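Q:
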DNA sequence: ATTAGCACTCTCCAGTCCCGAGTGCTAACG
DNA sequence: CGTTAGCACTCGGGACTGGAGAGTGCTAAT
């Protein structure tokens, strides 16, 4: 299934040409553009072979060639050279990060924005978290008579809050007592462990504990609601979205509630960057798009996922390098805050 | 500047027709559709007058008439009858709200979704807040050696958190002591008041206090970052966005960072619903769109803004009623949690 | 194996034509 | 006088046409 040297080289050229022209590339244009030591006829023969084997295709007789999913795949596996980002670029990105505030969702937004900008496609970055949320601390703050604010702090520094209504008026002292008791009883436990716990609770305490448990559980299964997305407008300006129909299609795909479906191996433990090209993704809706995904975070610990979404006609080497670098960088930053000192992988 | 009875009636019909057909309406079609007791020629005469006075216009000779901004304005002021929402609809909406969770941003998202769905346009709802954020309570939770999570609870039950780095390792006990002191010193104060305070602080306490102050300040000036937006896809499917250029235009306008500009009287104290039609909005970008805005919340206290954004060709009575009802409902819900019992305005 | 040559195909664009919907005017009518 | 019928006129949009340009696939010669 491997290609001859020359055909491989040709495929590579076709792809680079197509990636930045966005129009089918023909044999004649090819030799002119790259000053190939062959005539257009030879190229045509080679192209015919490449097409037979499924690496490129014809939109219709007599238009140039367009890379197929299989063509891109071969290119990504075997042909392209993934060179490091220019250190200039890296510096710029690092700089932006260090200027950012320290709120978690601020990072995540920033990461998405930086990524989207760098690769000129849409980028999604999820909030970091561990596999299972554990309670670190719970606080109750009185609001008025029968209502109080419940603040749940989880282990990886996630915080959630909600208003809680009680059947009777509650003094702050009582609220504090309840939270103290719960902190003592449930500190460090997960949602499941709390529900299995045998601790004796008053009616009121049970009311609060239940809310806490729900918060933990919803954090575990939620996830993509809290992802940041950027660059949608950028990607919509690409020529593949010239018709409003195509635009709506992409917008559909990027709807928040669809993300978990299209980004399947989101937080899979695997290291490194995964690329899914067109129909390789099982979701029909994604057949015209490619995904470049990576987990980020500390090994086995806290982390999230980042992904680039764009048309299959995408600058893969650049995209992959950028995702790799950025996920590493995010990992380092998380380490700084939550874990052992950074592993100093990259200079 | 007032219209004759007949012309007013005619304008009203033109608008309803245009609002649901989206195509310029002609004299002949008019008499057929509404079985008017006049001939098309008479209608043409009347239309000519309406056009002279600026209420409708011609895309080009020999297409039907289209309402102008002025036409819509007159319609909204004088012609349309704003009837109450069917109680069926109200019930449905109430129901959805009571099923929703109790997290604040969940409400806001829900409100935006319900609104967008009901009016078939894009809807924006901001998070509720008071004019000036005041500190209710601050908590510090140790994460590791030199880092801790700072949780700031503000008066109107807003919560923000961020990771704080200390120059030296910090035990939880020390953190608790610091937060206790700060709670005592700054509870109930605003950002400005904290910065003016003369309380003696240790170096470490000052570090934390400063972060708290920044959180309060950024909450006060932020705002639209935390708005929920829904229905963008719905509105993009309308015929006015048939070309991708128009779509990009709207997406531009709805970019998060643009919202404060286009929704100018966001949290103005005025009661009731405000309508801005096309060029009435000073922002050039909004000249093709209309806005229906309302404040929601408790009188003078906590509250936010909600807005519907769509093409000027919009079903104004329905939109206005829905915004009015929903802002009332949100107000009631806020009251339930933060204030005196609900004012029971609406059955 | 490579290439020149050539007939063929298909898209894209510009031009043309015509139809339909709608207008504005004029003259007639009750 | 307000209303109406009649009619010439005007556009926009869809259908059709005819190159021009880019590209292909095949064949025969090198």
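Chains as they are written, first to last, in the numbering used here: chain Z, 1412 to 1758; chain H, 1412 to 1758.
Using N, Cα and C, we set each Cβ at its ideal position, and we do this for glycine too.
It should be emphasised that the depicted structure is a prediction, and the values quoted were computed from it without experimental measurement.
#1: Within the 7 Å Cβ cut-off, does residue 1773 of chain H reach chain Z?
#2: Starting from residue 1652 of chain Z, find everything on chain H with Cβ-Cβ shorter than 7 Å and list it in chain order.
#3: With which residues is residue 1555 of chain H paired in a DSSP beta bridge?
#4: Going by the DSSP bridge assignment, what does residue 1721 of chain Z pair with across the sheet?
#5: Of all the options H:1745, H:1731, H:1743, H:1724, which has the alpha carbon lying nearest to the alpha carbon of residue 1477 of chain H?
#6: Considering just the uninterrupted stretch of the beta strand (DSSP E) at residue 1640 of chain Z, what are its terminal residues?
#7: Run through DSSP, which three-state label would residue 1572 of chain Z get?
#8: My understanding is that residue 1590 of chain Z touches residue 1597 of chain Z, with C-beta atoms under 8 Å, so please give their C-beta distance in whole angstroms.
#9: So, with DSSP's three-state summary, where would you put residue 1610 of chain H?
#10: Starting from the beta carbon of residue 1564 of chain Z, find every residue of chain H whose beta carbon is closer than 7 Å, and list them in chain order.
#11: Just to confirm, are residue 1532 of chain Z and residue 1646 of chain Z a CB contact at a threshold of 7 Å?
#12: Which of helix, strand or coil does DSSP assign to residue 1466 of chain Z?
#13: Which residues share a DSSP beta bridge with residue 1546 of chain H?
#14: Whole angstroms are fine: how far does the CA of residue 1534 of chain H sit from the CA of residue 1643 of chain H?
#15: Ordered along the chain, which non-local residues of its own chain (more than five positions away) have a Cβ less than 8 Å from that of residue 1732 of chain H?
#16: How about residue 1748 of chain H: is its C-beta nearer than 7 Å to some C-beta of chain Z?
#17: Under a three-way DSSP split, which group does residue 1494 of chain H fall into?
#18: Please determine, among H:1540, H:1667, H:1651, H:1602, the residue with the shortest C-alpha to C-alpha distance to residue 1746 of chain H.
#19: Since residue 1716 of chain Z and residue 1706 of chain Z should fall inside the 8 Å C-beta cutoff, what is the C-beta to C-beta distance between them, to a whole number of angstroms?
#20: Measuring alpha carbon to alpha carbon, tell me which residue in Z:1550, Z:1722, Z:1522, Z:1620 is nearest residue 1738 of chain Z.
#21: Give the single residue among H:1447, H:1448, H:1445, H:1474 whose Cα lies nearest to the Cα of residue 1459 of chain H.
#22: Jot down the residue ranges of each uninterrupted beta strand (DSSP E) in the stretch 1639 to 1668 of chain Z, minimum 3 residues, whole runs only, in chain order.
#23: Looking at the C-beta of residue 1546 of chain H, does it have a partner C-beta in chain Z at a distance below 7 Å?
#24: May I have the straight-line CA-CA distance separating residue 1509 of chain H from residue 1498 of chain H, to the nearest angstrom?
#25: What did DSSP end up calling residue 1432 of chain H once you bin it into helix, strand or coil?
#26: Expressed to the nearest angstrom, what Euclidean distance is found between the alpha-carbon atoms of residue 1605 of chain H and residue 1617 of chain H?
#27: List the residues of chain Z whose Cβ lies closer than 9 Å to the Cβ of residue 1648 of chain H, in chain order.
#28: From H:1423, H:1419, H:1413, H:1415, pick the residue whose C-alpha is nearest to that of residue 1726 of chain H; which is it?
#29: Which term fits residue 1569 of chain H, buried or exposed, when burial requires 16 or more other beta carbons within 10 angstroms of its beta carbon?
#30: What residue does the alpha helix (DSSP H) around residue 1673 of chain Z start on, and which one ends it?
#31: Using a Cβ-Cβ cutoff of less than 6 Å, which residues in the same chain neighbour residue 1602 of chain Z once the five nearest sequence positions on both sides are dropped?
#32: Residues of chain H with CB closer than 7 Å to the CB of residue 1568 of chain Z, please, in chain order.
#33: Please return the same chain residues whose Cβ sits closer than 6 Å to the Cβ of residue 1433 of chain H, not counting the five positions on each side in sequence.
#34: Using a Cβ-Cβ distance under 7 Å, would residue 1761 of chain H count as near chain Z?
#35: Is it true that the CB of residue 1556 of chain Z sits closer than 7 Å to the CB of residue 1578 of chain Z?
#36: Which residue or residues does DSSP assign as beta-bridge partners of residue 1727 of chain H?
A: On the basis of the coordinates in this document:
#1: The question about residue 1773 of chain H has no answer here: the residues shown for chain H are numbered 1412 through 1758.
#2: 1655
#3: H:1558
#4: Bridge partners of residue 1721 of chain Z: Z:1701.
#5: H:1724
#6: Element bounds for residue 1640 of chain Z: 1639 to 1641.
#7: Strand at residue 1572 of chain Z.
#8: 10 Å between Cβ atoms; not a contact.
#9: coil
#10: 1552, 1560, 1562
#11: yes
#12: coil
#13: H:1565
#14: 8 Å
#15: Counting only Cβ-Cβ distances below 8 Å, and skipping sequence neighbours, we find 1493, 1494, 1495, 1496.
#16: yes
#17: coil
#18: H:1540
#19: With 8 Å as the limit, residue 1716 of chain Z and residue 1706 of chain Z qualify as a contact, their Cβ atoms being about 6 Å apart.
#20: Ranked by Cα distance from residue 1738 of chain Z, the first of Z:1550, Z:1722, Z:1522, Z:1620 is Z:1522.
#21: The shortest C-alpha to C-alpha distance from residue 1459 of chain H to any of H:1447, H:1448, H:1445, H:1474 is the one to H:1474.
#22: 1639 to 1641
#23: no
#24: 16 Å
#25: helix
#26: 11 Å
#27: Within 9 Å Cβ-Cβ: 1655, 1659.
#28: H:1423
#29: buried
#30: 1670 to 1673
#31: 1624, 1627, 1628
#32: 1554, 1560, 1574
#33: 1650
#34: The structure shown does not extend to residue 1761 of chain H, since chain H is modelled only from 1412 through 1758, so no value can be given for it.
#35: no
#36: DSSP output for residue 1727 of chain H lists no bridge partner at all.
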